[in-house]
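Report on the structure given below.
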Amino acid sequence: MSTYAFDYAASLHDSELFWAGQAARLTWFREPPRPVLSQDEATGFYRWFRGGQLNTSWLCLDDHVQQGRANQVALIYDSPVTQTVRRYTYGELLDLTARFAGGLRELGVARGDRVIIYMPNMPEAVVAMLACARLGAVHSVVFGGFAPHELAVRIDDARPRVIVCASAGLEIDRVIPYLPLVEAAIGLARHPPAHVVVCQRDFCPADLRQPRDVDFRDLLEAAPVEAVSLEATDPLYILYTSGTTGRPKGVVREHGGHAVALKYSMGAVYGVQPGETFWAASDIGWAVGHSYIVYGPLLHGCTTVLFEGKPVRTPDAGAFWRVVAEHNVRVLFTAPTAIRAIKKEDPAGALARRYELSSLRHLFVAGERCDPATYDWAGQLLGVPVVDHWWQTESGWPMLATLVGYPDMPPPRAGSAGHPVPGYNVQVLDEAGQPVPPGTTGLVAVRLPLPPGCLPTLWHDDERFQSSYLDAFPGYYLSGDGGYQDAEGYCYIMGRVDDVINVAGHRLSTGEMEEILAAHPAVAECAVLGIACSLRGQRPVGLVVLKDGQSLAEEALEQELVQLIRQRIGAVASFRQAAVVARLPKTRSGKILRKTLRQLADGEDFPVPSTIDDPTILDEIRVVLAFRQLGQAFEPPALS
């Protein structure tokens, strides 16, 4: 095996040679010609493996069946909420995918068409994703917790020919019918789909009364279709991530670079072998679900676990450990939020000791910074290395990590996201775009070109891609996160530098929340803060200034504002509190000092900004935060 030091140096010194070698590990319909890295003449954006042809669905299924893995389990569906465990072999998953692709083709779905998938973690969602890839259609999975308004925005941006949805989702204590949400979103959208394919769930079947409605099972009656040969630069999927304006950004992932990067990462980063069981305890609506529930494990020939449940209350805080034990999981990947929720309900780890966990080699965490207390608790409980690592929706796979597939890798360290992954020339820059000394906090950026698998652009918005990521520091991708690198090369990510906050691993725009609060007739102006939360990493809190003459009681106003956020964004925002203040701190030019407000709420020491128009406002707000028990002294309730 190569060493980390050698591969990292090689990936920067001659990136084309390094990634051409990784690409050779895949079966291509047409090998990509050299050079494997090029630039678009019009935009200057980098593209990988132009001229090569392949199909991601074929690599995930057909290739393994042809290599003798037809009877190996590809997918384990474990749903404590429906009390169901089902296993699908590679042969069975291929058959379902090929037939559903045939059904989509009969609905008119062809190469380049878009399909939105609005489903919980269920096998049919994976089948729909792979079927789209098989046809060359571009899927966009939307997390089932998003409200109709958010779904409508994505419908209008992607303009899908078909929406595939479940009839319902099942939470711990309630059933959520999905079709009414889809219908409401279509009513709001300007570009409705031609068809809505509904996967019926026994506990809450939907009434298919619209001419556009089609039963998922009917599509499985179609004749199976072969995988279409696609260009490496053809889009595989669009995944929407929050933008600072409230308008989501459609991250594009291409077939070629995506397959090469994920295949490499499964062995190098996570240290798993084909045939072993890998579990990413996430939702398919997020980047982790795309990369490491569906595509990464299947590209690598692993068995992947699809879990429909929660870390607690399904039925208890031992749910994760049961899954690890029953399915012989080698690597578990989850968010620190999940570990904190388990720790909160089972602080002594008694439930973990009920299960035989000797199969587990590593626990990986990502989605937000893992605090050292949680890191240490998990490591002591499980007796395996805990690996915090860092990546983004935009990258699609890890940028910083302790790559356990390399024998010379320095060990993980509490508080650190590890070292740069081969292909990522990670730099910490000052405001002028110059590298800062070790130990100095700055802006985390990656020297171009980005490696394969990262976004080549945004969906139909090259200009926004350029302005959002590339304009700040020419020659660099700006991550939007702040952090530092120590003298030993360990990197530390400290959080966002814009107004996108991280709530339990979900990136949400405080700017969008402010727009919603400001629309309330009683609100004159507002600010939404992402303040520290021991369970979720961050949680949003609203500060609102009322219009003159308003007499609405604060408790009533708060409930109305909470409901507005739930209607427009969904429960995933975890927005539960809004406090009335007399005024907000601003600069002399009128800019609200959001960073200062967050520092105040989090109990941090900070200098009073020299640009503030009236420093006494901070004392007034400190009193409100203390009275309402917001900020550092407030301990949130358990996850709902």
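The sequence shown runs contiguously to residue 653 in the numbering used here.
Idealized CB from N, CA, C, for every residue including glycine.
Residue i, DSSP secondary structure in three states
| i | result |
| --- | --- |
| Met507 | strand |
| Ile605 | strand |
| Pro190 | strand |
| Val516 | strand |
| Ser24 | helix |
| Tyr90 | strand |
| Ala18 | helix |
| Asp421 | coil |
| Ala500 | coil |
| Thr290 | strand |
| Leu370 | coil |
| Gln551 | strand |
| Ser70 | helix |
| Tyr308 | helix |
| Pro349 | helix |
| Phe619 | coil |
| Asp76 | helix |
| Lys356 | helix |
| Ser481 | helix |
| Gly392 | helix |
| Ala614 | helix |
| Arg124 | coil |
| Gln85 | coil |
Residue i, enclosing beta strand (DSSP E) - first and last residue
| i | result |
| --- | --- |
| Thr316 | Thr316 to Phe320 |
| Tyr253 | Pro248 to Thr254 |
| Tyr103 | Note, Tyr103: premise wrong, no beta strand (DSSP E); alpha helix (DSSP H) at Tyr103 to Glu119. |
| Cys383 | Note, Cys383: premise wrong, no beta strand (DSSP E); not H, not E. |
| Ile582 | From DSSP, Ile582 is part of no beta strand (DSSP E); its letter is neither H nor E. |
| Met39 | Looking at the sequence itself, residue 39 is Leu, so the reference to Met does not match. Note, Leu39: premise wrong, no beta strand (DSSP E); not H, not E. |
| Gly639 | The residue you asked about is not Gly; residue 639 is Ala in the sequence shown. Note, Ala639: premise wrong, no beta strand (DSSP E); alpha helix (DSSP H) at Thr629 to Phe640. |
| Phe377 | His375 to Val378 |
| Glu538 | Val536 to Cys546 |
| Arg60 | Tyr59 to Trp61 |
| Ala179 | Val175 to Ala179 |
Buried or exposed (CB count within 10 angstroms, at least 16 for buried), residue i
| i | result |
| --- | --- |
| Gly115 | buried |
| Lys608 | exposed |
| Pro448 | exposed |
| Leu638 | buried |
| Ala458 | buried |
| Leu30 | exposed |
| Leu652 | Any reading at Leu652 must be qualified, since the residue scores a pLDDT of 34, below 50, and its modelled position is unreliable; no value is offered. |
| Glu648 | The pLDDT assigned to Glu648 is 41, lower than 50, so where the model puts this residue is not dependable; a value taken from the coordinates is nonetheless given after this. Exposed. |
| Arg222 | exposed |
| Asp561 | exposed |
| Phe333 | buried |
| Phe19 | exposed |
| Ala202 | buried |
| Met507 | exposed |
| His26 | exposed |
| Pro650 | Because the pLDDT at Pro650 is just 37, under 50, the model does not fix this residue reliably, and the point stays unresolved. |
| His519 | buried |
| Ala646 | Here the model assigns Ala646 a pLDDT of 46, short of 50, so the residue's position is not dependable and the matter cannot be decided. |
Limits of the alpha helix (DSSP H) - the one that residue i falls within
| i | result |
| --- | --- |
| Leu164 | Pro161 to Ala171 |
| His271 | His268 to Ala281 |
| His152 | First-last for His152: Val151 to Val154, but that is the beta strand (DSSP E), not the alpha helix (DSSP H). |
| Phe333 | Ala332 to His340 |
| Val662 | Residue 662 cannot be examined here, being either before or after the span of the chain that is shown, 14 to 653. |
| Leu232 | Phe229 to Leu232 |
| Ile529 | Thr523 to Ala531 |
| Arg477 | Asp475 to Phe478 |
Residue nearest to residue i in terms of C-alpha spacing, selected from the options
| i | options | result |
| --- | --- | --- |
| Asn84 | Asp75, Ser92 and Phe588 | Asp75 |
| Gly488 | Asn438, Leu109, Ala531 and Arg266 | Asn438 |
| Val7 | Gly270, Val227, Ala240 and Ile306 | Past the boundaries of the shown model lies residue 7; the chain is included only from 14 to 653, so the question cannot be answered. |
| Trp61 | Thr454, Thr246 and Ala569 | Thr246 |
| Val378 | Gln393, Ala365, Ser371 and Trp403 | Trp403 |
Contact under 8 angstroms by Cβ, residue i with residue j
| i | j | result |
| --- | --- | --- |
| Ile355 | Pro324 | yes |
| Val516 | Gly495 | no |
| Ser492 | Gln551 | no |
| Arg118 | Val238 | yes |
| Ile129 | Ser153 | yes |
| Tyr191 | Gly182 | yes |
| Val594 | Glu633 | yes |
| Pro465 | Leu319 | no |
| Leu643 | Lys276 | no |
| Glu369 | Ala338 | yes |
Any chain D beta carbon closer than 8 angstroms to residue i
| i | result |
| --- | --- |
| Val49 | Absence of chain D from the displayed structure is noted, only one protein chain being present. |
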